[in-house]
Amino acid sequence: MVKAKYIKDHVTGYGKDLSRATRNKFDISNQLIVKAALGDEKSLTQIADMGKLGERLILVMPTIKQHLNSYIQGNTQYNQALAEIYREGGKGALAIDKASSDLTLENTKFNNLIEEYKVRLFASLEAEEDRHNSQMDAIELQAWVDTQMKEIDYKVQMENISNKPFVAQLKADEDYETKKIQHILEHGSESDLSLIPRKQYITNPLRKLWEDIRDLFN
1 MVKAKYIKDH
11 VTGYGKDLSR
21 ATRNKFDISN
31 QLIVKAALGD
41 EKSLTQIADM
51 GKLGERLILV
61 MPTIKQHLNS
71 YIQGNTQYNQ
81 ALAEIYREGG
91 KGALAIDKAS
101 SDLTLENTKF
111 NNLIEEYKVR
121 LFASLEAEED
131 RHNSQMDAIE
141 LQAWVDTQMK
151 EIDYKVQMEN
161 ISNKPFVAQL
171 KADEDYETKK
181 IQHILEHGSE
191 SDLSLIPRKQ
201 YITNPLRKLW
211 EDIRDLFN
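First residue of the sequence shown: 1, per the working numbering; consecutive thereafter.
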């Protein structure tokens with residue numbers, strides 16, 4: 001008879017947690033497998049019964065699952081449908097009662113509004129006349145203010161245009177002075193300032209235009 005000591009297990013030690021989980025969940029252990037391998041009738045019978053049960057479960061469980069799922073889903077849909085029907089029925093009943101109450105209220109409001117409208121009409125006519133007069137005054141004032149502002153904007157625009165040559169001349173003079181200093185520093189006593197071009201934006205026609213514009217607005 002083959003002895004168990006000749007069966008060498010080289011892997012279980014690397015998967016102790018897996019071995020323990022298999023034993024706890026499925027009653028499968030190294031001891032059971034070794035006994036069956038050595039011909040232990042009880043272990044062989046247990047493994048055979050386990051295999052047959054597994055085969056039967058594989059065979060019948062899909063059908064059992066399908067039937068029970070259908071049963072559960074059918075009952076669920078039935079009860080959901082009943083709940084939806086009664087919920088909508090309750091909503092409908094409340095809506096009908098509310099519609100009747102609302103119609104009664106609206107009928108009363110209608111009669112009251114007719115009476116209020118007559119009183120409000122005369123007050124509104126008087127208020128509209130006052131509003132119209134105030135609005136006309138505001139329009140006239142706004143038109144006068146707009147005209148004054150446009151005149152000021154035009155004056156500033158014309159002055160900005162006429163000032164451009166003078167502003168440009170200031171910048172040109174600054175540039176010339178900078179270039180002159182650089183030229184003298186670079187060439188010393190041999191400097192020739194005539195070699196530095198100088199921009200003259202302010203000509204007689206431009207100066208006359210500038211003076212005319214200021215005379216126009218002053």
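Quick reminder that beta carbons are idealized off the backbone N, C-alpha and C, glycines included. Just so we're clear, the structure is a prediction, and the values are computed from it rather than from any experiment.
Span of the alpha helix (DSSP H) around residue i
i   : result
P62 : 41 to 187
Q31 : 30 to 37
K25 : 16 to 26
Neighbourhood of residue i by C-beta, 6 Å cutoff - its chain only, sequence neighbours within 5 removed
i    : result
A36  : S43, L44, I47
A172 : K199
D137 : none
T22  : I28
S191 : H183, I184
Minimum C-alpha distance to residue i - residue among the options
i    : options                : result
E174 : I72, R198, A138        : R198
L193 : N133, N30, A83, K179   : K179
Q200 : S19, N79, T63, A168    : A168
V11  : N30, R23, A21, K5      : N30
Y6   : K65, L38, G188, K16    : L38
I202 : F166, E186, E190, S189 : F166
Cβ-based neighbour list, residue i, same chain, cut-off 8 Å, excluding 5 preceding and 5 following
i    : result
L195 : H183
G92  : none
Y117 : none
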